[in-house]
DNA sequence: CACCTGACTTTACGTAGTAAGTCTAGGATG
DNA sequence: CATCCTAGACTTACTACGTAAAGTCAGGTG
């Protein structure tokens with residue numbers, strides 16, 4: 001490897017950055033550490049992301065927002081098992097609209113959970129990537145197929161996306177470290193105490209809520225007051 | 001105000017920190033700037049938050065997670081109008097369970113939207129504050145009153161919280177600055193193009209999705225496949 | 001009056017992002 | 001072959017950040 005070709009690329013940089021984030025947390029992702037991981041000086045990264053760290057952040061968000069990529073490569077948790085499906089499934093037979101939405105939701109959730117350390121980066125970035133548009137297209141087509149009137153489709157898609165992202169964050173929050181002095185569960189919260197023994201299976205809860213939301217979104221509407 | 005009593009307090013520090021976050025963004029909240037805003041040296045803050053900035057962050061999250069506080073003080077957007085309700089409403093007549101949930105959701109959403117710059121701080125902090133427990137108590141009681149079997153109550157509450165937080169983030173994301181090179185809306189996304197003229201009223205969309213979710217959560221359940 | 005304590009300040013250090021400059025290899029040009 | 005150019009990688013240097021440690025100082029207490 002000659003001096004000035006370390007084989008850097010955006011893809012490789014983002015993958016390495018995500019490995020650092022997943023392993024040590026977002027705060028630990030520094031240009032110097034990233035450079036070290038890539039066997040390169042920190043400033044070399046600026047050649048591929050001339051706008052600096054913010055641009056790198058955006059690339060990371062774009063990466064994890066695309067389940068196809070985020071679920072494929074960067075987690076070598078288990079040894080690469082030989083897949084039952086040999087390669088690209090030749091003819092993905094058309095699934096019903098609700099199954100397509102459920103599948104998307106599960107994939108997106110898995111991608112976000114896998115890289116939950118990068119979640120704070122998503123909040124203030126507009127989802128105007130190709131992956132985001134692909135997801136919206138899937139949502140709109142499915143809800144249209146479900147029989148929603150056009151003017152209700154974008155709202156339904158927004159609700160679905162909101163729920164999935166919110167569920168991921170809810171899970172991540174609940175699994176976070178306890179704060180320095182957590183509030184005590186005492187008599188002020190009788191119902192919580194009564195139900196505190198029920199343990200949560202995040203996967204199950206997610207799917208139940210998802211079913212409820214989809215059912216509510218595609219059922220005949222009831223008007224409610226303005227509050 | 002003598003030299004060594006600038007009248008600092010956790011409350012005042014957090015309020016000022018939130019003003020900085022709301023006005024200039026989370027990245028701009030530095031100890032020095034916060035000290036300046038409080039007419040104090042940066043290190044003075046460490047007297048009230050000895051564990052440093054992380055502890056300050058936690059206090060900020062606790063603050064905005066309590067709609068009663070977050071919606072009250074720190075936004076002097078409009079001049080303080082004389083309220084129609086004179087003081088603490090003397091006897092808050094009991095509202096039906098669904099109205100209580102809807103009211104909570106709207107208040108929580110408003111609090112988060114008002115301080116959306118602080119949202120990234122929430123993601124990895126466990127919601128174990130008094131305000132969070134109060135909210136959970138409200139949820140559990142309401143869903144129990146709605147007739148949900150006890151084992152489904154925590155899941156329903158989680159779904160509701162997920163939706164509200166997700167909806168706020170969805171809105172904030174959609175209002176963020178466009179990325180450096182946004183994806184083009186071309187023929188690959190026909191349904192999106194067809195519906196792109198529909199403009200979104202975030203408040204309305206939020207309430208519609210909320211109604212759908214509540215309806216789905218409290219309606220008789222239908223089992224779906226494992227995906 | 002001496003002393004203490006709590007509230008803020010001063011000084012200083014290590015690390016962060018990154019602007020600006022330097023260096024090297026390899027191709028283009030004469 | 002000698003020279004120059006350029007893109008990419010590396011170095012230096014600057015500013016700003018979080019915060020440890022020590023200092024300062026008013027007001028209360030004995």
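Residue numbers (the UniProt record's numbering), protein chains in the order written: chain A, 1 to 227; chain B, 1 to 227. Where a beta carbon is used, it is the ideal one built from N, C-alpha and C, also for glycine.
Contact set between residue i and chain A, taken where Cβ atoms lie within less than 9 Å
i                     : result
residue 51 of chain B : 180
residue 28 of chain B : Chain A residues near residue 28 of chain B: none, gap ~13 Å exceeds 9 Å.
residue 14 of chain B : Per Cβ cutoff of 9 Å: no residues; residue 14 of chain B is ~15 Å from chain A at best.
Within chain B, partners of residue i - CB distance below 8 Å
i                      : result
residue 48 of chain A  : Under the 8 Å cutoff, chain B gives no residues; its nearest Cβ is about 14 Å from residue 48 of chain A.
residue 173 of chain A : 122, 123, 124, 125, 126 and 127
Beta-carbon spacing of residue i, residue j below 7 Å
i                      : j                      : result
residue 169 of chain A : residue 123 of chain B : yes
residue 183 of chain B : residue 130 of chain A : yes
residue 142 of chain A : residue 97 of chain A  : yes
residue 17 of chain B  : residue 38 of chain B  : no
residue 178 of chain A : residue 195 of chain B : no
residue 218 of chain A : residue 146 of chain A : yes
residue 104 of chain B : residue 138 of chain B : yes
residue 200 of chain A : residue 154 of chain B : yes
residue 125 of chain A : residue 61 of chain A  : yes
residue 167 of chain A : residue 162 of chain B : yes
residue 10 of chain B  : residue 48 of chain B  : yes
residue 136 of chain B : residue 192 of chain A : yes
residue 121 of chain B : residue 46 of chain B  : no
residue 176 of chain A : residue 21 of chain A  : no
residue 15 of chain A  : residue 67 of chain A  : no
residue 42 of chain A  : residue 31 of chain A  : yes
residue 209 of chain B : residue 59 of chain A  : no
Under 9 Å by beta carbon: chain B residues contacting residue i
i                      : result
residue 10 of chain A  : Residues of chain B passing the Cβ test: none, with the nearest at roughly 13 Å.
residue 209 of chain A : 155, 156, 158, 159, 160, 162, 163, 213, 216 and 217
Closer than 8 Å at the beta carbon, the chain A residues around residue i
i                      : result
residue 108 of chain B : By Cβ distance, chain A contributes nothing, its closest Cβ being about 12 Å from residue 108 of chain B, past 8 Å.
residue 169 of chain B : 122, 123, 162, 165, 166 and 169
residue 133 of chain B : 183, 185, 188, 189 and 192
residue 40 of chain B  : What residue 40 of chain B touches in chain A: nothing, since even the nearest Cβ is about 23 Å away.
Closer than 7 Å at the beta carbon, the chain A residues around residue i
i                      : result
residue 140 of chain B : 191, 192 and 195
Proximal chain B residues relative to residue i, where beta-carbon distance stays under 7 Å
i                      : result
residue 176 of chain A : 124, 125 and 126
residue 119 of chain A : 123
Which ranges would you report for the alpha helix (DSSP H) in the UniProt domain "Tetracycline repressor TetR C-terminal" (90 to 219) of chain B if only whole runs of at least 4 residues count? 97 to 114, 119 to 122, 130 to 145, 153 to 174, 190 to 195 and 202 to 218
Going along the stretch 146 to 163 of chain B in order, which residues come within less than 8 Å of chain A, judged by CB to CB distance? 150, 151, 152, 153, 154, 155, 156, 158, 159, 161, 162 and 163
Report the residues of the stretch 59 to 72 of chain A with a CB closer than 7 Å to any CB of chain B, ordered along the chain. none
Interface positions of the stretch 183 to 201 of chain A facing chain B (Cβ-Cβ less than 7 Å), listed along the chain: 183, 185, 189, 191, 192, 195, 198 and 200
Start-end ranges of the beta strand (DSSP E) lying completely within the UniProt domain "HTH tetR-type" (13 to 60) of chain B, minimum 3 residues: none
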